[in-house]
Amino acid sequence: MDVQYLKGVGPKMSELLKKIGISNIKDLIEYYPRTYEDRTKLCKISELIVGDNCLFIARVSSSMSVKRIKKNLAIYSCFVSDETGVCKLTWFNQSYIREKIHEGATYLFFGKPEWNNGGKNVDSAIVYNLDDIEKVQGVYPIYNLTAGVTQNYIFKLMNLVFSNKPSIVEFYDESFRKKYGLCEINYAMEKIHFPKSFRDVSLARNRIIFDELFLLQLALLSRKNSMIRTEKSTKFFNVDITEFTNLLPFELTNAQKRVIDEIAKDMYSSKIMNRLVQGDVGSGKTMIAAVAMYIAVKNGYQSTIMAPTTILANQHYDELNKYFSKLNINVEIITSSTTKKKKENIISRLKSHEIDILVGTHSLIEDNIEFENLGLVITDEQHRFGVNQRLKLTNKGKSVETLVMTATPIPRTMSIVLYGDLDLSIVDEMPAGRKPIKTYVVNDALEERVNTFLKKQINEGRQIYVVCPLVEDNETLDLKSVEMLYQKYKNEDFKEYNVEFLHGKMKNKEKDEIMQRFKNNEVNILISTTVIEVGISVSNATVMVIENADRFGLAALHQLRGRVGRGIHQSFCILKSNNKSVNSRQRLKIMEKSNNGFEIAQKDLEIRGPGDYFGIRQSGLPEFKLANLLTDIDILNKTQEAAKEVILNDPTLSKHPKLKYILEDKYKEQLFVKTT
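Numbering-wise (my numbering), the sequence shown opens with residue 7 and increments by one.
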């Protein structure tokens, strides 16, 4: 039922409610309080605690005085008392208060006391009649609001809905609830809005948080299980990979060898591979992917790798073609900048299996891209694609092996939620000879010293990245922009050097040309936005300068820092920030102390909270309404255990029809996409 048909709503209020995500009765029931006020204890005036909300009964012991400060500001005040003391109450521009309370009468008050002129004063106290004490005393829910919608209005709507005793389908049996300490769903939904005690709040929240995390875990495991149970039509025989690895001018790290073994084991097994390879920038994930492609090609299958940017797609193409061309393995690339004629030629050759490996961007998921015999799909920087995009590419073949790569270090809790349908491999070792990047936090007072250091690096033959948070100047934000800094560097500070700039608003062709010139060492300093976060590998670039570094998350700073340190020379990261807040300085100091991406990612999650961390929204998965991946780790672990048990005993959920219905209704196409 649309919320506008509820008594007291109508079209106008309905539009306001939609701003906070309430369109129907279900949305309203699931619009949970953000916090609660404790109105359980009745205080005496002498017991009122300054700074804490308090509920107290008092008699109005003086007449109401009115003080007009300005034309549009009137202050109403009076004194109230009980047998333990006196308190002053003040209201601003609330003329109705003169009719609401009367000298000599006793009322119930709620508010936050402060010290004022040696006595206690409560501003804007809420006034209730003594008859309302049973309704008021207790635990009071506080909701997020928007202009035009008040707490009382939401509370009235909740009262209206729950007075009709809505019946919510319980999808757990009693033994399951008992095992995991869960209250019944209808009890939880009522008590989350109308708790009598904080125990009620705790029980209700525990049930709802468990549901959110459990249903997601169950959905991911169901998808993973369905792929395991799907009969694998691709058949891979063992391949000797030394023909390929012998071409490499370096020795694979032990971590690379371990992950390659895990991938090969999946490919040779009877189950479809669905694996995530996670490792820092520069840890050698592309070579791991190349070995997987080599195995697929030698088995007669085609492979494809999808990257989020044209720059990264071109880098993959150059790297793969360098080796595969020596083995008569045909590699091609399709991006938005591919000409129509060339694209048509590639599509034709792809269908006739004249192309073994196709590299590309989002262009790969277009309907006209058809493979003759696709056996392996690799997605790079998976968090930049939705779940459906990955599946759309996979569905271009039959029981296709899937490999997902990310250089973004993801804390374990986020990994469980984002990639619960994937097996995990971690590349936790950097290639030999890589030196840790030295990181320094500086402010503008050291700008001249930093510039001298940059010139010294350039004079030694090195190159510099400079990253800004903005493309162009913004009067409302005191931040350095790419365009402003480019003019300053080019015309003032570094006019004797070649300076270029790059940002996402430029055409792909223009960006590619500039990046290629930078790679060819024709550009000394490249000023850019975070478009280079996932960019080309330039081993000669040794310094990453990040302006207004406090504006970036730690994970993003770590990603950017990973653009340097790719060669034999010592590399540096300079984080510039004038932010003097303790929190900001602590965050940036973490970057100085650590080069470990997973450690930094965990700190980032702790500091910024899950809401700001990339992922759930970008991944195509729904946001949680109550669950918090930082504070609810214990419940997350329980839901993992519970979901595994359910899937183990009932793989198709045929014994749990209500649970299956709730699951499919909640996730619809997001996770239950047909896989051939």
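For glycine and all other residues, C-beta sits at the position ideal for the given N, C-alpha and C.
Between which two residues does the alpha helix (DSSP H) harbouring Gln646 extend?
-> To locate residue 646, count along the sequence shown from 1; it is residue 640. Unbroken alpha helix (DSSP H) run through Gln646: Ile639 to Asn655.
Indicate the three-state DSSP secondary structure (helix, strand or coil) for Lys202 in the structure shown.
-> Position 196 of the sequence shown, counted from the first residue, corresponds to residue 202. Coil at Lys202, not helix or strand.
Spatial neighbours of Asn530 in its chain, beta-carbon cut-off 8 Å, leaving aside the 5 residues before and after = Here residue 530 refers to the residue found at position 524 when the sequence shown is read from its first residue. Result list for Asn530: Ile464, Gln469, Ile470, Phe500, Tyr503, Asn504 and Val505, in chain order.
Sorted by chain position, which residues of the same chain lie with C-beta nearer than 6 Å to Glu360's C-beta, five sequence neighbours on each side aside?
-> By one-based count along the sequence shown, residue 360 stands at place 354. Once the five neighbours on either side are set aside, Glu360 has no close Cβ partner at all.
For the beta strand (DSSP E) that contains Glu119, what are its first and last residues?
-> Position 113 of the sequence shown, counted from the start, is the residue given in the question as residue 119. Here residue 119 turns out to be Pro, not Glu, going by the sequence shown. Per DSSP, Pro119 belongs to the beta strand (DSSP E) from Pro119 to Asn122.
For the candidate residues Thr240, Lys304, Gly27 and Asp206, whose alpha-carbon lies nearest to that of Leu151?
-> As a working mapping, residue 151 is identified with position 145 in the sequence shown. Minimum Cα distance to Leu151 is reached at Gly27.
Report the residue from Gly16, Tyr193, Ser181 and Asp58 whose alpha carbon sits nearest the alpha carbon of Asp129.
-> Looking up residue 129 in the sequence shown gives position 123. Comparing Cα-Cα distances from Asp129 to each of Gly16, Tyr193, Ser181 and Asp58, the minimum goes to Asp58.
Cβ-based burial, Ala298 [other Cβ within 10 Å; buried from 16] | Indexing the sequence shown from 1 puts residue 298 at position 292. With 16 or more Cβ atoms within 10 Å of its Cβ, Ala298 is classed as buried.
Going by DSSP, name the residue or residues bridged to Glu338.
-> For the purposes of this step, residue 338 is identified with residue 332 of the sequence shown, where counting begins at 1. DSSP, once it has assigned bridges, lists Leu364 as partnering Glu338.
Answer with buried or exposed for Gly124, where buried requires no fewer than 16 other C-beta atoms within 10 angstroms of its C-beta.
-> What you label residue 124 is simply residue 118 of the sequence shown in a count that begins at 1. The residue is exposed, with fewer than 16 neighbouring Cβ atoms inside 10 Å.
With a CB to CB cut of under 6 Å and the five nearest residues on each side skipped, what residues in its chain are close to Tyr673?
-> As a first step, residue 673 must be located in the sequence shown, where it is residue number 667. Within the same chain, Tyr673 has close Cβ partners Ala225.
Consult DSSP for Glu43 and reduce its assignment to one of helix, strand or coil.
-> Translated into the one-based positions of the sequence shown, residue 43 becomes position 37. Note: Glu43 maps to strand in three-state DSSP.
When DSSP labels each residue in this structure, what does Ser687 get in the three-state scheme?
-> This structure cannot speak to residue 687, because the chain is shown only from 7 to 682.
For the beta strand (DSSP E) that Ala547 lies in, which residues bound it at each end?
-> Here residue 547 refers to the residue found at position 541 of the sequence shown. From DSSP, the beta strand (DSSP E) with Ala547 extends over Ala547 to Ile552.
Report the rounded CA-to-CA distance for Ser583 versus Pro119, giving the unit in angstroms.
-> Against the sequence shown, residue 583 aligns to sequence position 577. Against the sequence shown, residue 119 aligns to sequence position 113. Distance between the alpha carbons of Ser583 and Pro119: 39 Å.
In the region 490-540, which residue ranges form an unbroken beta strand (DSSP E) of at least 3 residues, counting only runs that do not cross its ends?
-> 505-508 and 531-534
Going by DSSP, name the residue or residues bridged to Asn374.
-> Position 368 of the sequence shown, counted from the first residue, corresponds to residue 374. DSSP lists no partner for Asn374.
Beta carbon of Ala210 nearer than 7 Å to that of Ile191 | Residue mapping note: residue 210 aligns to position 204 of the sequence shown, counting from 1. Residue mapping note: residue 191 aligns to position 185 of the sequence shown, counting from 1. No; because the gap between Cβ atoms is not below 7 Å, this pair is not in contact.
Classify Met195 as helix, strand or coil using the three-state DSSP reduction.
-> Indexing the sequence shown from 1 puts residue 195 at position 189. Three-state DSSP puts Met195 in a helix.
Run through DSSP, which three-state label would Ala225 get?
-> The residue you call residue 225 lines up with position 219 of the sequence shown. Three-state DSSP puts Ala225 in a helix.
Three-way DSSP call (helix, strand, coil) for Gln143 in this model = Position 137 of the sequence shown holds residue 143. If DSSP states are grouped into helix, strand and coil, Gln143 belongs with coil.
Taking buried to mean at least 16 other C-beta atoms within 10 Å of its own C-beta, is Met7 buried or exposed?
-> Here residue 7 corresponds to residue number 1 of the sequence shown, with the count starting at 1. By the neighbour-count rule (16 or more Cβ atoms within 10 Å), Met7 is not buried but exposed.
Between Ile339 and Tyr323, which are expected to be in contact by the criterion C-beta below 8 Å, what is the C-beta distance as a whole number of angstroms?
-> Locating residue 339 in the sequence shown gives position 333, where the first residue counts as 1. Locating residue 323 in the sequence shown gives position 317, where the first residue counts as 1. So it is a contact: roughly 4 Å between Cβ atoms.
Neighbourhood of Phe242 by C-beta distance below 6 Å, restricted to the same chain and skipping five residues each side | Stepping through the sequence shown from its first residue, residue 242 is reached at position 236. Result list for Phe242: Met273, Tyr274 and Asn305, in chain order.
C-alpha gap between Leu581 and Val588, whole angstroms | Taking the sequence shown and counting its residues from 1, one reaches residue 581 at position 575. Taking the sequence shown and counting its residues from 1, one reaches residue 588 at position 582. Distance between the alpha carbons of Leu581 and Val588: 16 Å.
Could you check the C-alpha separation between Glu372 and Ile266 for me, to the nearest Å?
-> Along the sequence shown, read from residue 1 onward, the residue named residue 372 stands at position 366. Along the sequence shown, read from residue 1 onward, the residue named residue 266 stands at position 260. Looking at the two C-alpha atoms, the distance is approximately 30 Å.
Through-space distance from Ser543 to Gln624, alpha-carbon basis | In the sequence shown, the residue the question calls residue 624 occupies position 618. In the sequence shown, the residue the question calls residue 543 occupies position 537. Here the model assigns Gln624 a pLDDT of 41, short of 50, so the residue's position is not dependable, and the following value carries that caveat. Looking at the two C-alpha atoms, the distance is approximately 25 Å.
Contact the region 74-81 vs the region 38-54: 3+ CB pairs below 8 Å = no
Beta-bridge partners of Met411, as assigned by DSSP | Sequence index remark: in the sequence shown, residue 411 carries index 405 (1-based). For Met411, which the question treats as bridged, DSSP gives the partners Val283 and Asp386.
What whole-angstrom Cβ distance do Leu370 and Leu399 have, given they're in contact under 8 Å?
-> Taking the first residue of the sequence shown as position 1, residue 370 is located at position 364. Taking the first residue of the sequence shown as position 1, residue 399 is located at position 393. That pair is a contact at about 6 Å.
Return helix, strand or coil for Gly16, following the three-state DSSP convention.
-> Position 10 of the sequence shown holds residue 16. Three-state result, Gly16: helix.
What are the boundary residues of the beta strand (DSSP E) that includes Lys76?
-> One-based indexing of the sequence shown puts residue 76 at position 70. Ser71 to Lys76 is the span of the beta strand (DSSP E), which, as asked, contains Lys76.
Determine which residues share a DSSP beta bridge with Ile596 and list them.
-> In the sequence shown, counting from the first residue as 1, residue 596 sits at position 590. DSSP lists no partner for Ile596.
Among Glu196, Lys162 and Leu188, the one whose alpha carbon lies nearest that of Glu172 | Numbered from 1 along the sequence shown, position 166 holds the residue referred to as residue 172. The identity of residue 172 in the sequence shown is Pro, whereas the question assumes Glu. Of the listed residues, the one whose Cα sits closest to Pro172 is Glu196.
Please determine, among Ala131, Glu519, Asn526 and Trp121, the residue with the shortest C-alpha to C-alpha distance to Trp97.
-> In the sequence shown, residue 97 corresponds to position 91, counting from 1. For Trp97, the nearest C-alpha among the options comes from Ala131.
Arg567: buried (16+ other C-beta within 10 angstroms of its C-beta) or exposed?
-> On the sequence shown, position 561 is the one that residue 567 refers to. That one is buried.
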